[in-house]
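In what follows, a structure is listed as C-alpha cells, so that the remarks can point back to it.
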Amino acid sequence: KNEVEQSPQNLTAQEGEFITINCSYSVGISALHWLQQHPGGGIVSLFMLSSGKKKHGRLIATINIQEKHSSLHITASHPRDSAVYICAVKRAGGGNEKLTFGTGTRLTIIP
Amino acid sequence: NAGVTQTPKFQVLKTGQSMTLQCAQDMNHNSMYWYRQDPGMGLRLIYYSASEGTTDKGEVPNGYNVSRLNKREFSLRLESAAPSQTSVYFCASSVRTDNYGYTFGSGTRLTVV
C-alpha cells in the first residue's frame, strides 16, 4: 500500500463547479505539500501545510493531522485549472527534507 | 527569473550510451534533489544532496550517479543508459529556513531506445 493515497485518480467537472481532491497518508508527517503539474509538465508548489488551513485565490488546502487527511478545494473552477494535482508528505523526524509523493489526481474542467 | 534550471529538456539515447543531466538553482537553497516520474507512479527520489559536498541515495539510485559541484549545481549521470531509465526527470531544491518550501525544474524527458 502506498504511504500517500489520492482520490479520485481522475476528475472531470464543468466550469464553475466546486472541486475537492483528497489525500490520505499513513505515516507521521511534519508537512504536507500540494503541487500542480500542467500538461506541459512543469511542477509548481501550491501549498505547504503542517496544520489547519491555507487559502490562495480560489484554492483552499486543509489538513487534519489526527485523521491523516488533507483536501485541496478549488472554488469557481475554470478550464485553466485543468492539471494534475499531486500531494506529497515530509515524514516526521530526521533532518532531511525528502518528500513522498502520491500518484496525482488528473483534473479536467470543461467549459 | 529565479528558480531551478534543468538541461536538456529532451534527450534520446541508445542503450549503453552515457549522459549527464544538469541542474542549477539561484535561490541559495541548501538541498537539491533528483526525482523521476513514471506513468501511474508518484515521483520517486533518485538521489539528494542536503548540502554542498554531501549526497545520499534515494529510493531508486541504481544506474545513476550524482555530483554536487557547488551550492548551485547538482548533476545526474547515467553511465550506461537502459530502456528502464526512460522517464521524465525533475530536479528540485529546498531550504529549511523557508519551512522546506520546494521549487522544481521544468523536467527532462529522456527516452532510451
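Those sequence lines, one after another, are chains V and Z. The first sequence begins at 1 in the numbering used here and counts up by one. The second sequence begins at 1001 in the numbering used here and counts up by one. Beta carbons are placed, not taken as given, at the ideal position from N, Cα and C, and that holds for glycine. Owing to the predicted nature of the structure, the values given are computational and were not obtained by experimental measurement.
Subject >> Contact set for Z/Asp1038: own chain, Cβ-Cβ below 6 Å, skip 5 residues either direction >> reply: Ser1087
Original post:
Counting along the chain, where does the beta strand (DSSP E) carrying Z/Asn1065 start and finish?
Top reply: Tyr1064 to Arg1068
Subject >> Cut-off 7 Å between Cβ atoms - residues of its own chain near V/Glu17, not counting five sequence neighbours on either side >> reply: Ser77
Subject >> Those runs of the beta strand (DSSP E) which lie wholly inside the region 31-101 of chain V and span at least 3 residues >> reply: Qualifying beta strand (DSSP E) stretches, in chain order: 43-49, 52-56, 59-64, 69-74 and 83-91.
Original post:
Taking 8 Å as the CB-CB limit, is V/Arg69 close to chain Z?
Top reply: In the sequence under discussion, the amino acid at residue 69 of chain V is His, which differs from the Arg named in the question. Chain Z, which has no Cβ nearer than 8 Å to the Cβ of V/His69, makes this no.
Subject >> Sequence-distant residues of its chain with Cβ nearer than 8 Å to V/Lys53 (five each side left out) >> reply: Ile60, Ala61, Thr62 and Ile63
Subject >> Cβ neighbours of V/Tyr25 in the same chain (closer than 7 Å, five flanking residues each side left out) >> reply: In the same chain as V/Tyr25, and ignoring 5 residues on each side of it, the C-beta atoms closer than 7 Å to its own belong to Glu3, Val4, Lys68 and Val89, in chain order.
**OP:** Give the straight-line distance between the Cα atoms of Z/Phe1104 and Z/Ser1031, rounded to the nearest whole angstrom.
**Re:** 12 Å
Original post:
Counting pairs of Cβ atoms below 8 Å between the region 98-110 of chain V and the region 41-58 of chain V, do you hit three or more?
Top reply: no
Original post:
Quick one, are the C-beta atoms of Z/Gly1107 and V/Gly41 less than 8 Å apart?
Top reply: yes
Original post:
Could one say the Cβ of Z/Ser1106 lies closer than 8 Å to chain V's Cβ atoms, at least one of them?
Top reply: yes
Original post:
How should Z/Gly1042 be labelled, buried or exposed, when 16 other C-beta atoms within 10 angstroms of its C-beta is the threshold for buried?
Top reply: buried
Original post:
Can you list the residues of chain V that Z/Thr1055 reaches, using a CB-CB cut of under 9 Å?
Top reply: Under the 9 Å cutoff, chain V gives no residues; its nearest Cβ is about 12 Å from Z/Thr1055.
Original post:
In terms of residue numbering, what span does the beta strand (DSSP E) encompassing Z/Leu1010 cover?
Top reply: According to the sequence as given, residue 1010 of chain Z is Phe; it is not Leu. First-last of the beta strand (DSSP E) with Z/Phe1010: Phe1010 to Leu1013.
Subject >> Buried or exposed (CB count within 10 angstroms, at least 16 for buried), Z/Phe1010 >> reply: Per the 10 Å Cβ criterion, exposed.
Subject >> Beta-carbon proximity list for Z/Cys1056, same chain, < 8 Å, skipping 5 on both sides >> reply: Residue identity differs from the one stated: residue 1056 of chain Z is Asp in this sequence, not Cys. Tyr1047, Tyr1048, Ser1049 and Ala1050, listed in sequence order.
Original post:
If you follow the beta strand (DSSP E) that Z/Phe1090 is part of, which residue opens it and which one closes it?
Top reply: Ser1087 to Val1095
Original post:
Pick from Z/Glu1059, Z/Arg1072, Z/Gln1025 and Z/Pro1008: whose alpha carbon is nearest that of Z/Met1019?
Top reply: Z/Pro1008
Original post:
Tell me which same chain residues have a C-beta within less than 7 Å of the C-beta of V/Ser82, skipping the five on either side of it?
Top reply: Leu107, Thr108 and Ile109, listed in sequence order.
Original post:
By how many angstroms is the C-alpha of Z/Val1004 removed from the C-alpha of Z/Arg1072?
Top reply: Cα-Cα distance, rounded: 9 Å.
Original post:
Less than 8 Å separating the beta-carbons of Z/Gln1017 and Z/Ser1093?
Top reply: No; because the gap between Cβ atoms is not below 8 Å, this pair is not in contact.
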